[in-house]
Amino acid sequence: MENKIAIAIHGGAGEDSEFIRRNLGVYKAGLREAVLAGYKILQNRGTALDAVTAAVVSMEDNYLFNAGKGSALNIEGNVAMDAAVMDGKDIRAGAIALLSHAKNPVEVAKAVMVQTNHVLLAGEAADDFAESMKLPQKEQSYFKTEHQQEEYEKAKADSVSQALKKKNRGTVGAVALDGYGNLAAATSTGGMPGKLAGRLGDSCIIGAGCYANNHTCAVSGTGDGELLITHVIAHSIAMVVELKGLSLQQACDYVVHKKNAEIEGDIGVVSVDRNGNIGMAFNSERMHRAWMDRNGNVQSEIY
Numbered sequence: 070m071e072n073k074i075a076i077a078i079h080g081g082a083g084e085d086s087e088f089i090r091r092n093l094g095v096y097k098a099g100l101r102e103a104v105l106a107g108y109k110i111l112q113n114r115g116t117a118l119d120a121v122t123a124a125v126v127s128m129e130d131n132y133l134f135n136a137g138k139g140s141a142l143n144i145e146g147n148v149a150m151d152a153a154v155m156d157g158k159d160i161r162a163g164a165i166a167l168l169s170h171a172k173n174p175v176e177v178a179k180a181v182m183v184q185t186n187h188v189l190l191a192g193e194a195a196d197d198f199a200e201s202m203k204l205p206q207k208e209q210s211y212f213k214t215e216h217q218q219e220e221y222e223k224a225k226a227d228s229v230s231q232a233l234k235k236k237n238r239g240t241v242g243a244v245a246l247d248g249y250g251n252l253a254a255a256t257s258t259g260g261m262p263g264k265l266a267g268r269l270g271d272s273c274i275i276g277a278g279c280y281a282n283n284h285t286c287a288v289s290g291t292g293d294g295e296l297l298i299t300h301v302i303a304h305s306i307a308m309v310v311e312l313k314g315l316s317l318q319q320a321c322d323y324v325v326h327k328k329n330a331e332i333e334g335d336i337g338v339v340s341v342d343r344n345g346n347i348g349m350a351f352n353s354e355r356m357h358r359a360w361m362d363r364n365g366n367v368q369s370e371i372y
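Numbers given in my numbering equal positions in the sequence shown, counted from 1, plus 69.
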């Protein structure tokens with residue numbers, strides 16, 4: 070175990086809001102807690118996969134973030150969560166979609182990768198699988214916070230077309246490099262308030278909101294899920310690193326600010342490469358993010 074270790078996380082990107090402004094300190098504390106949860110695993114010779122899972126679990130358990138507890142409510146007033154993990158060592162991945170009762174969706178995604186030969190499970194089957202793995206289950210009421218209930222009521226007051234045009238969103242994610250030289254990524258979300266039942270975002274789509282390959286980098290994305298899917302954002306960054314020979318930060322900037330400069334919508338990414346370099350980019354008003362610098366100090370920013 071001779072390689073440097075590194076970890077970076079995000080807690081979503083998009084428009085600023087009064088709610089975020091009122092809770093800046095609590096948000097930053099939550100980001101620091103999550104990045105430290107992952108970093109401690111790396112320090113104790115743990116794997117990148119376990120580190121990103123722990124960091125995301127921390128944010129899924131925090132009511133402020135739109136993942137796990139605190140997930141957005143869909144048009145029917147229910148929670149339907151998506152998540153994915155990817156291990157850059159052997160290019161394995163696991164993902165779940167439309168999960169309703171598992172307390173920590175990222176742990177279900179990891180179980181899909183480790184315990185099955187599948188990549189993506191969805192809906193009731195995903196909940197049944199989580200229960201069969203004896204992963205913690207919760208009633209829908211556990212996930213429905215006061216803030217997300219308020220956002221749902223606002224969305225319900227709009228027409229369907231109006232609700233779907235609004236830019237309320239949130240995602241959490243993490244990327245890490247462990248001391249064995251392996252990369253991993255994890256992403257989790259509750260989606261957007263008022264989304265149509267059955268809608269999937271980028272968080273559970275490998276190559277869109279989650280990607281890891283030891284030869285290039287690990288990426289977790291956030292923003293407008295449909296844009297991350299159609300422009301294959303996470304995989305694009307890895308390909309730019311591989312084919313254009315850019316540094317990781319240059320690759321993030323190129324994909325977010327140049328290659329996709331003309332698209333209307335929010336895109337944000339955090340990434341780490343096999344040398345422990347961290348790259349971040351976003352075109353939105355804010356992106357909740359935190360990382361550990363080379364001296365082991367926690368850094369967190371929102372704007």
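By construction, the Cβ of each residue, glycine as well, lies at the ideal position given by its N, Cα and C atoms.
Worksheet item: Under the three-state reduction of DSSP, which class applies to Val181: helix, strand or coil?
Response: helix
Worksheet item: Buried or exposed: where does Lys172 fall if 16 or more other Cβ atoms within 10 Å of its Cβ makes it buried?
Response: buried
Worksheet item: CB Ala152 to CB Pro174, shorter than 7 Å?
Response: yes
Fill in: Element boundaries [beta strand (DSSP E), containing Ala164]
161–168
Practice prompt. Could you check what DSSP says for Asp197 in three-state terms: helix, strand or coil?
Written response: helix
Discussion item. My output table needs one value for Asp85: the three-state DSSP class, helix, strand or coil.
Written reply: coil
Item to complete: Give a yes or no on contact between the stretch 109–125 and the stretch 70–84, applying the rule of three or more CB pairs nearer than 8 Å.
Response: yes
Worksheet entry | When Glu311, Ala350, Gly139 are compared against Tyr323, the one with the closest alpha-carbon | Ala350
Fill in: Other residues of its chain near Leu297: CB distance less than 6 Å, five sequence neighbours each side excluded
Asp271, Ala277, Gly278, Gly290
Worksheet entry | Burial state of Phe88, where buried means 16 or more other Cβ atoms lie within 10 Å | exposed
Worksheet item: Just to check, is the beta-carbon of Leu111 closer than 6 Å to a non-hydrogen atom of the ligand FMN?
Response: In the structure shown, the ligand FMN is absent, as is every other ligand, since no ligand is present at all.
Worksheet item: For Asn237, which three-state DSSP category applies?
Response: Note on Asn237: pLDDT 49, under 50, position unreliable in the model; no value is reported.
Practice prompt. Would you kindly work out how many angstroms separate the C-alpha atoms of Tyr221 and Pro262, rounded to a whole number?
Written response: 6 Å
Worksheet entry | Pair within 7 Å by beta-carbon distance, Val341 and Ala287 | yes
Practice prompt. Could I get the ranges of all uninterrupted alpha helix (DSSP H) runs contained in the stretch 234–292, with 4 residues as the minimum, in chain order?
Written response: none
Worksheet item: Hey, would you say Met155 sits closer than 7 Å to Tyr280, going by beta carbons?
Response: yes
Practice prompt. Taking the CB atoms as reference points, tell me whether Tyr132 and Thr214 lie closer together than 7 Å.
Written response: yes
Fill in: Pairwise C-alpha distance: Lys313 and Ala166
33 Å
Discussion item. Buried or exposed, going by whether 16 or more other CB atoms sit within 10 Å of the CB of Asn251?
Written reply: buried
Worksheet item: At which residues does the beta strand (DSSP E) containing Ile306 begin and terminate?
Response: First-last for Ile306: 302–313, but that is the alpha helix (DSSP H), not the beta strand (DSSP E).
Discussion item. Extract the residue ranges of the beta strand (DSSP E) inside the stretch 71–158, only unbroken runs of 3 or more that lie entirely within it.
Written reply: 75–83, 150–156
Worksheet item: Since Ala226 is in the alpha helix (DSSP H), which residue starts that stretch and which ends it?
Response: 215–226
Worksheet item: Is it buried or exposed for Asp196, if we count other Cβ within 10 angstroms and need 16 for buried?
Response: buried
Worksheet entry | With 16 other Cβ atoms within 10 Å as the buried cut-off, status of Ile85 | Correcting the residue identity first, residue 85 is Asp in this sequence and not Ile. By the neighbour-count rule (16 or more Cβ atoms within 10 Å), Asp85 is not buried but exposed.
Worksheet item: For Ala98, which of Glu200, Glu311, Asn344, Arg358 has the nearest alpha-carbon?
Response: Arg358
Worksheet entry | Exposure of Thr185, with buried meaning 16 or more beta-carbon neighbours within 10 Å | exposed
Worksheet item: What residues in its chain sit with their C-beta under 6 Å from that of Thr285, if we drop five residues either side in the sequence?
Response: Ala307, Val310, Glu311
Worksheet entry | Proximity winner among Gly137, Tyr372, Ala224, Asn92, relative to Gln206 (alpha-carbon distances) | Gly137
Practice prompt. May I have the straight-line CA-CA distance separating Tyr249 from Ile160, to the nearest angstrom?
Written response: 16 Å
Fill in: Residues near Ser305 in its chain [Cβ-Cβ closer than 8 Å; skip 5 each side]
Val324, Lys328
Practice prompt. Indicate the three-state DSSP secondary structure (helix, strand or coil) for Ile188 in the structure shown.
Written response: One detail in the question is off: residue 188 reads as Val in this sequence, not Ile. Of the three classes helix, strand and coil, the one that applies to Val188 here is coil, per DSSP.
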